[in-house]
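Visitor: Using the working numbering, read the sequence shown as starting at 3 and increasing by one per residue.
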Amino acid sequence: MDEPGYCSNFQECHPVGSRYPFGPQGHCPVREGGFGGAFRTLTRFPLPGRECTRESRTLFWFPFVGVVLGLFSLGIALLPLSPFVRSSVIIATMAYLTRGFHLDGLCDFADGFGGGWTKEATLRIMRDSGVGAFAVITLVCTLLLQVFAIAELLAYLPLLLFVPALGRTMVVIAASLCSYAREGEGTASKLVCQSSARHMVGPLVQIVLFIASLFLFGSPSFLPACSAVLFALVMTGFLVRMSIRRLGGVTGDVLGAIEILSESSAYLGALILVAIKG
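#1: Ignore the nearest five residues each way along the sequence and tell me which others in Gly-258's own chain have a CB closer than 6 Å to its CB.
#2: According to DSSP, is Val-133 part of a helix, a strand, or is it coil?
#3: Does Leu-182 come out as helix, strand or coil in the three-state DSSP assignment?
#4: Helix, strand or coil: how does DSSP classify Ile-274 here?
#5: Mind the definition here: the stretch 74-90 touches the stretch 240-257 only if three or more C-beta pairs lie below 8 Å; say whether that holds.
#6: Quick test of your reading: Ser-89 and Ala-153, contact by CB under 8 Å. State the CB separation rounded to the nearest angstrom.
#7: I'd like the list of long-range same chain contacts for Ser-75, defined as Cβ closer than 6 Å, with 5 residues on each side in sequence excluded.
#8: Out of Phe-47, Val-142, Pro-226 and Val-138, point me to the one whose CA is closest to Gly-280's CA.
#9: Please list, in chain order, all residues of the same chain as Thr-124 whose beta carbon is under 7 Å from its beta carbon, the five residues on each side excluded.
#10: Once the 5 residues before and after Met-237 are set aside, which same chain residues still bring their CB inside 7 Å of it?
#11: Relative to the C-alpha of Val-67, which residue among Leu-99, Leu-145 and Cys-143 is closest?
#12: Tell me the rounded alpha-carbon separation between Ile-281 and Ser-245.
#13: Within its chain, find whatever has a CB closer than 8 Å to the CB of His-201; leave out the 5 residues flanking it on each side and keep chain order.
#14: List the residues that DSSP assigns as beta-bridge partners of Val-252.
#15: Considering only C-alpha positions, which residue in the set Ala-137, Pro-166, Pro-222 and Arg-56 is nearest to Thr-95?
#16: Helix, strand or coil for Gly-19? Go by DSSP, reduced to three states.
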């Protein structure tokens with residue numbers, strides 16, 4: 003019997019001779035479609051390029067996609083509008099640019115784990131296209147938290163670049179360490195099954211370099227960013243543990259929920275640190 007939390011198709015997903023995180027046999031992820039594939043997967047940007055034969059190659063670029071999305075937030079934050087209007091526009095813009103991809107996963111996750119008590123029931127509810135009470139409550143509370151938190155953090159502009167990258171790095175961690183919970187193929191089945199712990203290295207290095215640059219330049223955002231990482235890791239660990247105990251792994255909806263809730267936790271962590279500093 004497969005051990006819960008680990009890929010049941012390890013030999014198939016990790017062929018002999020593969021070298022991660024740079025793709026099988028050392029192929030460059032840019033040439034092999036990882037760069038464009040990451041944007042096509044996570045955003046509505048129609049970057050040209052052939053489709054990845056191995057979706058795990060896109061994981062390296064997930065934090066970079068977050069930074070690019072953060073540039074839009076940064077531009078909105080500089081507009082001469084009230085803080086709450088700017089933060090609301092930022093949230094709406096992110097939802098548009100990502101096609102509500104992760105928000106949809108969050109809603110399915112909330113309905114599934116809120117209304118189902120067994121693996122089968124949870125997976126069935128998450129696959130249902132309907133929106134239940136758990137989804138609505140979770141979505142409203144999460145968006146309100148983000149709007150209020152971002153409004154309070156607009157003076158810390160680097161966080162608008164950092165937190166979206168951090169949230170997508172948490173997705174990489176979850177996808178790399180967990181197995182796919184559904185039988186057969188699903189939205190994230192190839193992404194999860196083809197990835198390994200080595201895929202975390204590149205994204206984590208990018209996060210460390212971002213934090214190091216904040217420290218070297220003496221940015222006031224350095225300590226809030228560190229607090230954001232701590233809160234995001236705790237939330238990700240909690241959600242991964244919950245999903246493994248209930249489902250034996252993760253699904254695309256779980257990964258979407260991890261992205262949104264880890265981002266929200268990161269903003270909350272940064273805000274708490276700012277409040278403590280006074």
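Positions of the beta carbon are idealized from the N, C-alpha and C atoms, including for glycine.
Guide: Result, derived from the coordinates:
#1: His-104, Gly-107 and Leu-108
#2: coil
#3: Note that residue 182 is Tyr in the sequence shown here, rather than Leu. If DSSP states are grouped into helix, strand and coil, Tyr-182 belongs with the strands.
#4: Collapsing the DSSP output to three states places Ile-274 in a helix.
#5: no
#6: 4 Å
#7: Ile-92 and Leu-162
#8: Pro-226
#9: Gly-114, Phe-115, Gly-118, Arg-248 and Leu-249
#10: The answer, listed in chain order, is Leu-263, Ser-264 and Ser-267.
#11: Leu-99
#12: Any answer about residue 281 is impossible in this case: the structure gives the chain only from 3 up to 280.
#13: Tyr-22, Pro-23, Ser-58, Leu-61, Phe-62, Val-174, Ala-177 and Ser-178
#14: In the DSSP output, where bridge partners are listed per residue, Val-252 has Tyr-182.
#15: Pro-166
#16: Confidence in Gly-19 is poor, its pLDDT being 37 and thus under 50, which makes the residue's placement unreliable; the coordinate value appears in the next sentence. In the structure shown, Gly-19 sits in coil (DSSP, three-state: anything other than H, G, I, E or B).
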